[in-house]
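Down below is the structure, laid out as structure tokens.
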Ligand code: GLN
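Numbering (our numbering), first residue to last: 55 to 544.
This is the structure:
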């Protein structure tokens, strides 16, 4: 592998600034890498020409004028609106959609000098855990050994995670509604960070479940995640749920260690039937944090077991409202006429435009919001959500950070769970509670399964304490010292 591809984001930033390597060479190297790894089907759109043009401009600049991400190639999940490229959310209904405006997160990154080299495949409208509902076909996990049984990269940000796993970008963007950054990061051996709800603007991100959706980086290292988030986040008047709370300096104390920090391990996260390897992983996590000087204690988050059903009411309910806009009138796909009437046009357009999983969610969402069922399901789920948040609030009176596995397994074979949605939803058991509570959380690669596939540990911290979260994650990363990369010579 080209030496440039082995560098972290932070190292690449320094190298570009030193002018020892041109931005053009960096971008070309990454483009070649993406071209060589097409078999993983990670990309929804290539942006190579524009990327090279931008790199040339950078090379004529003086390093004193360089911005913090000058010349850095990034991959963007195809749910962020980017002007000049298609934005499809991997759905037929948006298959020819060109957004008229730029998402705030990608705008922030571009303003910091980053170069979008590609957009990445994902589950349709970010609903899924396997990246197997993309309009462009399934994404294949680069850790796959046997191509007759390709592995899932996780989902929904599977393309973004796979790109980082093969070093096809310095970092990538994902979105996380119930785990879609953290679980694919775990399956692909990357770091995946979901910030506090409200940290990054949702403006220009195609909505799935607005009270849960949050953008975040997928990267090779914890330090890179801190660096990327620093330039993604902003308070934005275009998103009334983005917050005007100053981001702590995420890099300043990241290496200071965790002596005296209190880490809680919730007993409810040790679930029935949890495999030995996941239990062992969690045990290792405890030991590593203790060895680094943290105090590790057992805690309880009593409403954990109702988090998954609660999420699978609230997220589909919000989705059914958000996706009502795709009606074939103003934008997006419209079925071929003639139509009997307007309703016929809606039905055919939505019937043909949405995939099976999206339709399943829209049916559930519409049902739980319908009169007669609203109180029993939706209002009830909102009350449960409050209880879950209260569990975390009381836990954070005693501890600074919470430790758990990220996912209940390593990457599974693509297709294995496709016809069994409940089994698929169980993937989110450890990631959904913190999403419902709006908390920041991160997945760190921490070991290999018996199949030699990556396994991630998750850390969760209190709202707006990404500095504490990242400091702990850095210590855990050092202790776990996960250096494995996928072998692509297959
Ligand atoms: N896997 C979860 C779902 O299918 C989470 C998706 C996400 O975070 N976007 O809803």
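Think of the CB as a built atom: it goes at the ideal place given N, C-alpha and C, for glycine as much as any other residue. Please read these numbers as outputs of a predicted model, since none were measured by experiment.
Query raised in the report: Does the beta carbon of residue 142 fall short of 6 Å from some heavy atom of the ligand GLN?
Result: no
Query raised in the report: Can you give the Cα-Cα distance for residue 180 and residue 438, rounded to whole angstroms?
Result: 24 Å
Report task. Would you decide whether residue 478 is buried or exposed? Buried here means 16 or more other CB atoms lie within 10 Å of its CB. Result -> buried
Report task. Return the chain-ordered ranges of every beta strand (DSSP E) run that is complete within the segment 484 to 521 and spans a minimum of 3 residues. Result -> 495 to 502, 508 to 515
Query raised in the report: Is DSSP giving residue 225 helix, strand or coil here?
Result: strand
Report task. From the DSSP output, read off the bridge partner residues of residue 230. Result -> 268
**Report entry** Validate contact between the segment 168 to 176 and the segment 118 to 130 using beta carbons, cut 8 Å, 3 pairs
**Finding:** yes
Query raised in the report: Can the beta-carbon of residue 267 be found less than 7 Å from the beta-carbon of residue 231?
Result: yes
Requested in this report: Determine the DSSP secondary structure at residue 457, reduced to helix, strand or coil.
Outcome: strand
Query - Beta-carbon proximity list for residue 79, same chain, < 6 Å, skipping 5 on both sides - result: none
Report task. Report yes or no: is there a C-beta of chain C within less than 7 Å of the C-beta of residue 330? Result -> In the structure shown, chain C cannot be found, because there is only a single protein chain.
Requested in this report: Assign residue 129 to one of three DSSP states: helix, strand, or coil.
Outcome: strand
Requested in this report: Please report how far the alpha carbon of residue 434 lies from the alpha carbon of residue 156, in whole angstroms.
Outcome: 37 Å
Requested in this report: Measure the Cβ-Cβ separation of residue 151 and residue 426 and say whether it is below 7 Å.
Outcome: no
Query - Proximity of residue 331 and residue 503 at Cβ, strictly below 7 Å - result: yes
Requested in this report: May I ask you to list the residues that DSSP assigns as paired with residue 99?
Outcome: 173
Query raised in the report: From residue 244 to residue 480, what distance separates their C-alpha atoms?
Result: 21 Å
**Report entry** As assigned by DSSP and simplified to three states, the class of residue 182
**Finding:** coil
**Report entry** Selection from 430, 279, 414 that minimises the alpha carbon distance to residue 304
**Finding:** 279
Query raised in the report: Are residue 319 and residue 352 closer than 7 Å when you measure CB to CB?
Result: yes
Query raised in the report: Can the beta-carbon of residue 109 be found closer than 7 Å to that of residue 77?
Result: yes
Query raised in the report: Near residue 454, which residues of its chain fall below 6 Å by C-beta distance, leaving aside the five closest residues on each side in sequence?
Result: 315, 316, 522
Query - Run of the beta strand (DSSP E) containing residue 259, from where it starts to where it stops - result: From DSSP, residue 259 is part of no beta strand (DSSP E); its letter is neither H nor E.
Report task. Determine the closest residue to residue 292 out of 312, 256, 148, 282, with distance taken between C-alpha atoms. Result -> 256
Query raised in the report: Is the Cβ-Cβ distance between residue 346 and residue 495 less than 7 Å?
Result: no
Query raised in the report: Looking only at its own chain, which residues have a Cβ that is under 6 Å from the Cβ of residue 212, when we skip the five neighbours before and after it?
Result: 185, 193, 238
Query raised in the report: Hey, would you say the C-beta of residue 180 is under 6 Å away from at least one heavy atom of the ligand GLN?
Result: yes
Query raised in the report: For residue 485 versus residue 240, is the C-beta spacing smaller than 7 Å?
Result: no
Query raised in the report: Which residue spans inside the segment 276 to 310 form an unbroken alpha helix (DSSP H) run of at least 4?
Result: 276 to 286
Requested in this report: Could I get the ranges of all uninterrupted alpha helix (DSSP H) runs contained in the segment 370 to 423, with 4 residues as the minimum, in chain order?
Outcome: 396 to 407, 410 to 423
Query raised in the report: How far does the alpha helix (DSSP H) with residue 345 in it reach, from first residue to last?
Result: 330 to 345
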